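Yeah, the sequence shown ends on 468 if you go by full-length UniProt numbering, and it's all consecutive.
Where a beta carbon is used, it is the ideal one built from N, C-alpha and C, also for glycine.
Note that the structure is a prediction, hence the values are computed from the model and not measured.
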Amino acid sequence: MSLSLNHSWREQWTSNARVNILAGITATLALVPDSLAFSFMAGVPPVVGIYASICILLVITFLGGRPGMISAAAGSMAVLMLTLVKEHGIEYLFAATVLTGIIQFLMGVFKLGKLMRFVPSGVLTGFINALAIMIFLSQLRYFKGESWMMYVLVAVTLGIIYLVPRFFKAIPSPLIAVVVLTLAVWAFGMGDVTRIGDIASIDASLPSFLLPDIPFSLDTLWIILPYSLSLAVVGYTETMLTHNLLDEMTGEKTDKNREMKGQGIANIVAGFFGGMAGCALVAESVLNVKMGGKNRLSTLVAALFLLLLVVLLGDLLSLVPMAALVGIMLMVCIAIFDWSSVFRMKRLPLGETVVMLVTVGAVLLTHDLAIGVVAGVFVSFIGFAVKASKVQIDDEWNGSTRTYRVQGQLFFASASELEERIAHDCEAEEVHIDLTGTKVWDHTANLAVRKTVDRLQKNGKQVTVVGV
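Here you go:
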């Protein structure tokens, strides 16, 4: 047992160390603009998103169930915070973040991770595609009011990202792109190029422990509880879907319930250190894994490098041109979008395509990933119910006796067909109903069988039911 634990520890912290370290650094570069943008979305200072990302990453590194998954401040959760912050203030947000963490921890304790087995592949594909589209659209705002140089620098970034790996793979190409563009903008004195420091000032200080400055009363609980429940559900949905995606990418099966408990503790810590609630991020997680960051060392490096950038290298971080980060995020969009779902649409089952399109459409209309997933799952279950409701009823004569053989599933959606086909038989003197090829699932179907038999008997038929 101890040998197994030692092997697991070595694998998670020492295997492919260089690759995981570089992947963690690269993921951090994608995380910085998102953390700032999500802070703006929630109506809080930029440092709140940064502190949340640092705290959540540090905690989830050790307590999470999915190595290599990047968890931090999230846009899907940030949009739910704006009203709370506007109406009650940022201290209530910190309290709601703590309560969100408690709820998510209980989700893990009660093993709600198993609910993800009910999410069809079409919903997962739609979720990923919608996220890629949303990330792409969110990057367009950085082009507004910019000169042609912005377009050139983004193109150069993408060129470096895709061309350098053909000749040199020791360092991730997105990291090379950031360094090259930062040096080029500084060396050539491109003063009109937007940098991170032009969008938000980076507060060079360590996060510190604090208790939310709010009245501890039932009234406060009723204020934050609806927000915390919403945040917990959205965080659960995005985290579990990201978890599924990374498990498929790596061919591993990891503990979803442990991930939720770790996520809960991470949000509790974030709330007490002046951060906002967060969850797993699909884009950064996929980027990390694609760059080789598949163990816990990569997420630890991402957390520590983000802390280093903010506290010690804040001035240097402010010099990074936004064009480099936009280029990285566009690369992430291209990487996570499931192109086969578009180019092979004719080969896929129609139902799966419809579910995927409904999920994408719902997300883009509401800007809420959780609503898109719920809509996709609902349409998928409707499709399943329609398919399952098709029952086949064959009949054959034997003298004055007619035998009905029922094939398929009898439940609320298909039970009426039983009555329509059999209950009005006026020709046979004796009716046999063979149900050995079906299953009666619910009370509605059972009632339909009883009504059919009663009606036939009232019409003077001798009725025999087989296989109930």
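Subject >> C-alpha gap between L348 and V179, whole angstroms >> reply: Here residue 348 refers to the residue found at position 348 when the sequence shown is read from its first residue. Here residue 179 refers to the residue found at position 179 when the sequence shown is read from its first residue. Rounded to whole angstroms, L348 to V179 spans 42 Å at the Cα level.
Original post:
Going by alpha carbons, who is nearest to F305 out of E11, V48, S53, R344?
Top reply: Translated into positions along the sequence shown, residue 305 becomes position 305. For the residues E11, V48, S53, R344, the minimum Cα distance to F305 belongs to S53.
Original post:
I think V431 touches R402, with their Cβ atoms under 8 Å apart; what is that distance to the nearest whole Å?
Top reply: Residue numbering aside, residue 431 sits at position 431 when the sequence shown is read from its first letter. Residue numbering aside, residue 402 sits at position 402 when the sequence shown is read from its first letter. Right, their Cβ atoms sit about 6 Å apart.
Subject >> Whole-angstrom distance between L287 and M116, CA atom to CA atom >> reply: On the sequence shown, position 116 is the one that residue 116 refers to. On the sequence shown, position 287 is the one that residue 287 refers to. Their Cα atoms are separated by approximately 23 Å.
**OP:** Consult DSSP for L357 and reduce its assignment to one of helix, strand or coil.
**Re:** For the purposes of this step, residue 357 is taken as the residue at position 357 of the sequence shown. DSSP places L357 in helix when its eight states are reduced to three.
Subject >> Burial state of S298 (16 or more Cβ within 10 Å) >> reply: For this step, residue 298 is matched to residue 298 along the sequence shown. Buried, because 16 or more other Cβ atoms sit within 10 Å of the Cβ of S298.
**OP:** Excluding the 5 residues preceding and the 5 following T452 in the sequence, name in chain order all residues of the same chain whose CB lies nearer than 8 Å to its CB.
**Re:** As a first step, residue 452 must be located in the sequence shown, where it is residue number 452. For T452, where only same-chain residues beyond five positions count, the Cβ hits under 8 Å are L418, E419, I422, A423, I433.
Original post:
Hey, quick one: how far does the alpha helix (DSSP H) through E248 stretch, first residue to last?
Top reply: Sequence index remark: in the sequence shown, residue 248 carries index 248 (1-based). Residues 218 to 250.
**OP:** Go through its chain and collect everything with a Cβ distance to T91's Cβ below 7 Å, but skip five positions before and after it.
**Re:** Taking the sequence shown and counting its residues from 1, the one referred to as residue 91 is at position 91. Going by the sequence as given, residue 91 is Glu instead of Thr. Counting only Cβ-Cβ distances below 7 Å, and skipping sequence neighbours, we find P212, D213, I214.
**OP:** Mind reading off the beta-carbon distance from I199 to L36? Whole number of angstroms is fine, and I expect it under 8 Å.
**Re:** Residue 199 sits at position 199 when you count from the first residue of the sequence shown. Residue 36 sits at position 36 when you count from the first residue of the sequence shown. The Cβ separation is near 6 Å, so the contact holds.
Original post:
How about the stretch 90 to 104 and the stretch 343 to 357: do they share at least three Cβ pairs that are nearer than 8 Å?
Top reply: no
Subject >> For T366, the nearest candidate out of V79, G24, R18 (CA to CA) >> reply: For this step, residue 366 is matched to residue 366 along the sequence shown. If we check each option's Cα against that of T366, V79 comes out closest.
**OP:** May I ask which residues mark the beginning and end of the beta strand (DSSP E) holding N398?
**Re:** In the sequence shown, counting from the first residue as 1, residue 398 sits at position 398. From DSSP, the beta strand (DSSP E) with N398 extends over 392 to 398.
Subject >> Residue(s) in a DSSP beta bridge with L402 >> reply: Counting from one through the sequence shown, the residue named residue 402 turns up at place 402. A small correction: the amino acid at residue 402 is Arg; Leu does not occupy that position in the sequence shown. Looking at the DSSP assignment, R402 forms a beta bridge with W397, V431.
Original post:
If you compare alpha carbons, which of Q409, I265, E429 is closest to G399?
Top reply: As a working note, residue 399 is residue 399 in the sequence shown. The shortest CA-to-CA distance from G399 to any of Q409, I265, E429 is the one to E429.
Original post:
If you measure from the CB of Q12, is any heavy atom of the ligand FMN nearer than 7 Å?
Top reply: By its list of ligands, the structure shown contains no ligand whatsoever, and the ligand FMN lies outside what it can speak to.
Original post:
Under the three-state reduction of DSSP, which class applies to P45: helix, strand or coil?
Top reply: On the sequence shown, position 45 is the one that residue 45 refers to. In the structure shown, P45 sits in coil (DSSP, three-state: anything other than H, G, I, E or B).
Original post:
Three-state secondary structure (DSSP) at V463?
Top reply: On the sequence shown, residue 463 is found 463 positions in, with the first residue counted as 1. In the structure shown, V463 sits in a strand (DSSP, three-state: E or B).
Original post:
Since A303 is in the alpha helix (DSSP H), which residue starts that stretch and which ends it?
Top reply: Counting from 1 along the sequence shown, the entry for residue 303 is found at position 303. Start and end: 296 to 311.
**OP:** Could you spell out where the beta strand (DSSP E) holding G159 opens and where it closes?
**Re:** On the sequence shown, residue 159 is found 159 positions in, with the first residue counted as 1. Segment 148 to 163 is the alpha helix (DSSP H) holding G159; no beta strand (DSSP E) there.
Subject >> Spatially closest choice to E252 from L29, P67, L112, by CA coordinates >> reply: Along the sequence shown, read from residue 1 onward, the residue named residue 252 stands at position 252. Among L29, P67, L112, the Cα nearest to that of E252 belongs to P67.
**OP:** List the DSSP bridge partners of S71.
**Re:** Translated into positions along the sequence shown, residue 71 becomes position 71. Note: S71 sits in a beta bridge opposite A280.
Original post:
Taking V282 as the reference, which of Y51, H88, G126 has the closest Cα?
Top reply: In the sequence shown, the residue the question calls residue 282 occupies position 282. Selected option, being the one with the closest Cα: G126.
**OP:** For G437, name the three-state secondary structure that DSSP assigns.
**Re:** Locating residue 437 in the sequence shown gives position 437, where the first residue counts as 1. Correct three-state label for G437: coil.
Original post:
Closest by CA to M276, which one among P207, V379, K169?
Top reply: Mapped onto the sequence shown, residue 276 falls at position 276. Cα-wise, what sits closest to M276 is P207.
Original post:
Closest to S138 by CA distance: which of G376, L357, G314, P33 is it?
Top reply: To locate residue 138, count along the sequence shown from 1; it is residue 138. With distances taken between Cα atoms, S138 lies closest to P33.
**OP:** Could you pull out every unbroken alpha helix (DSSP H) segment of at least 4 residues lying fully inside the stretch 76 to 147, listed in chain order?
**Re:** 82 to 88, 90 to 109, 121 to 139
Original post:
Taking the alpha-carbon positions, what's the F136 to M329 distance?
Top reply: Numbered from its first residue, the sequence shown carries residue 136 at position 136. Numbered from its first residue, the sequence shown carries residue 329 at position 329. In a straight line, the C-alpha of F136 is about 8 Å away from that of M329.
Original post:
So A132 and T157 are in contact, right, with Cβ under 8 Å, and what is the actual spacing, rounded?
Top reply: Numbered from its first residue, the sequence shown carries residue 132 at position 132. Numbered from its first residue, the sequence shown carries residue 157 at position 157. Not quite, the Cβ-Cβ distance comes to about 18 Å (not below 8 Å), so this is no contact.
Original post:
Under 8 Å between C-beta atoms, does V363 make it to chain C?
Top reply: As a matter of chain content, chain C is missing from the structure shown, which is built from one protein chain.
**OP:** State the beta-bridge partners of R344 as determined by DSSP.
**Re:** Mapped onto the sequence shown, residue 344 falls at position 344. R344 pairs with nothing; no bridge assigned.
Original post:
Could you give the distance in angstroms between the alpha-carbon of N446 and the alpha-carbon of V466?
Top reply: Indexing the sequence shown from 1 puts residue 446 at position 446. Indexing the sequence shown from 1 puts residue 466 at position 466. Using only the alpha carbons, I get a separation of about 14 Å.
Original post:
Under a Cβ-count criterion, where at least 16 other Cβ atoms within 10 Å of its own Cβ denotes burial, should Y162 be classed as buried or exposed?
Top reply: Translated into the one-based positions of the sequence shown, residue 162 becomes position 162. Flag for Y162 reads exposed.
**OP:** Give the straight-line distance between the Cα atoms of E396 and Y404, rounded to the nearest whole angstrom.
**Re:** In the sequence shown, the residue the question calls residue 396 occupies position 396. In the sequence shown, the residue the question calls residue 404 occupies position 404. Roughly 7 Å separates the two Cα atoms.
Subject >> Cβ contact check for the stretch 95 to 103 and the stretch 213 to 230: 3 or more pairs under 8 Å >> reply: Contact holds: three or more Cβ-Cβ distances are below 8 Å.
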